[in-house]
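Report on the following structure.
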Amino acid sequence: MPEPINSLIRFLRRAISDLPGSIGSTNLGLWFPAVPACLFFGYQYYKIGWQHMKTDLTIGCVITVISYMLLFLYCIVRNVYREHVALVVKEKSTREQLEWIQQIPRWQGYESEAAWRAAIDEQNRLVALGHFADGVFSQIQVDAFRLARDIRTFLAEFPVPKKTDYAAYDAKREVFASTNDVHIWADAKRVVDDKLRARYVLTFQARTTAIYHRFVEAGLTDRHLGVLADTARKEEDFVDMIATLRADALKLEDL
939 MPEPINSLIR FLRRAISDLP GSIGSTNLGL WFPAVPACLF FGYQYYKIGW QHMKTDLTIG
999 CVITVISYML LFLYCIVRNV YREHVALVVK EKSTREQLEW IQQIPRWQGY ESEAAWRAAI
1059 DEQNRLVALG HFADGVFSQI QVDAFRLARD IRTFLAEFPV PKKTDYAAYD AKREVFASTN
1119 DVHIWADAKR VVDDKLRARY VLTFQARTTA IYHRFVEAGL TDRHLGVLAD TARKEEDFVD
1179 MIATLRADAL KLEDL
């Protein structure tokens, strides 16, 4: 059968299925029985006159009222039943979800319940510490401490080659066995230093410079942090920067 005809059939079926509910729940329900009745009685009045149709009119009105009442009750029962079915389905789905959630261990993603509880205790400790520290340090001090922490984390991602990593290096005498060994170690360290400098410039230099200027604005005249912000390249420079950030932040307490 062509698709337009199938679409029309589906529309008519849906309309017929929804017709009782539409009639019983809208103003159409008042006119649906009244209009055909009025047309019928008008036709009777035209044919046989008023004296002969009083009884028929009375019976017709009673039938119309009873029909409407039955239709209205049918719509009430139908709607209540539909709401009940929808509520039962939703309640069943909710109960199944709750049962599924209760079957999952609360410590899912942790090694054990003890590890899960330990993580919660640590979070509570950090929250309590944060509440305690709130107001103890100014915002600039908190930002400086956070920057020092972030630089320390970033520094740990680039392990600098140590002299003791090379077999030709005598740790007791603190000398290399040959000039070639010195060059090998220096080249390896230079690669790491370049990566440190590049990551620092891309990620932390703007923050460090901003902290330095905020320190100056607050009255701190130590320029060492400003020099490090512009020239830091080696591991030693960043270790010095971390210590300077912390020390300068604490110096603000005396200003």
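In this note's numbering, the protein residues as written are 939 to 1193.
C-beta atoms are modelled at their ideal positions from N, C-alpha and C, and glycine is treated no differently.
In this text the structure is predicted, and so the values were computed from the model without any measurement.
Suppose the cutoff is 7 Å on Cβ atoms and the five residues either side in sequence are ignored; what does the same chain contact list for residue i look like?
| i | result |
| --- | --- |
| Val1120 | Phe1114 |
| Ala1167 | Gln1143, Thr1146, Thr1147 and Tyr1150 |
For a quick check, are the C-beta atoms of residue i and residue j less than 8 Å apart?
| i | j | result |
| --- | --- | --- |
| Arg1161 | Ala1086 | no |
| Leu1134 | Phe1176 | yes |
| Leu1190 | Ser1076 | yes |
| Asp1088 | Phe1142 | yes |
| Asp1131 | Arg1171 | yes |
| Glu1173 | Val1074 | no |
| Ile1058 | Ala1156 | no |
| Phe1092 | Arg1063 | no |
Keeping to the same chain, check which residues put their C-beta closer than 8 Å to that of residue i; ignore five residues upstream and five downstream.
| i | result |
| --- | --- |
| Leu1163 | Thr1146, Ile1149, Tyr1150, Phe1153, Met1179, Thr1182, Leu1183 and Asp1186 |
| Thr1169 | Asp1175 |
| Ser914 | The shown model of the chain, from 939 to 1193, leaves out residue 914, and the question about it has no answer. |
Can you name, in chain order, every residue of its own chain whose Cβ lies under 6 Å from the Cβ of residue i, other than the five neighbours on each side?
| i | result |
| --- | --- |
| Ala1082 | Ile1149, Leu1183 and Ala1187 |
| Asn1118 | none |
Open item on the list: Three or more C-beta pairs under 8 Å: does that hold for the region 1123-1136 against the region 1147-1154?
Closed with: no
Task: Continuous alpha helix (DSSP H) assignments of at least 4 residues falling wholly in the region 990-1070 - done: 992-1041
Task: Continuous alpha helix (DSSP H) assignments of at least 4 residues falling wholly in the region 1139-1181 - done: Whole alpha helix (DSSP H) segments, 4+ residues: 1143-1155 and 1162-1169.
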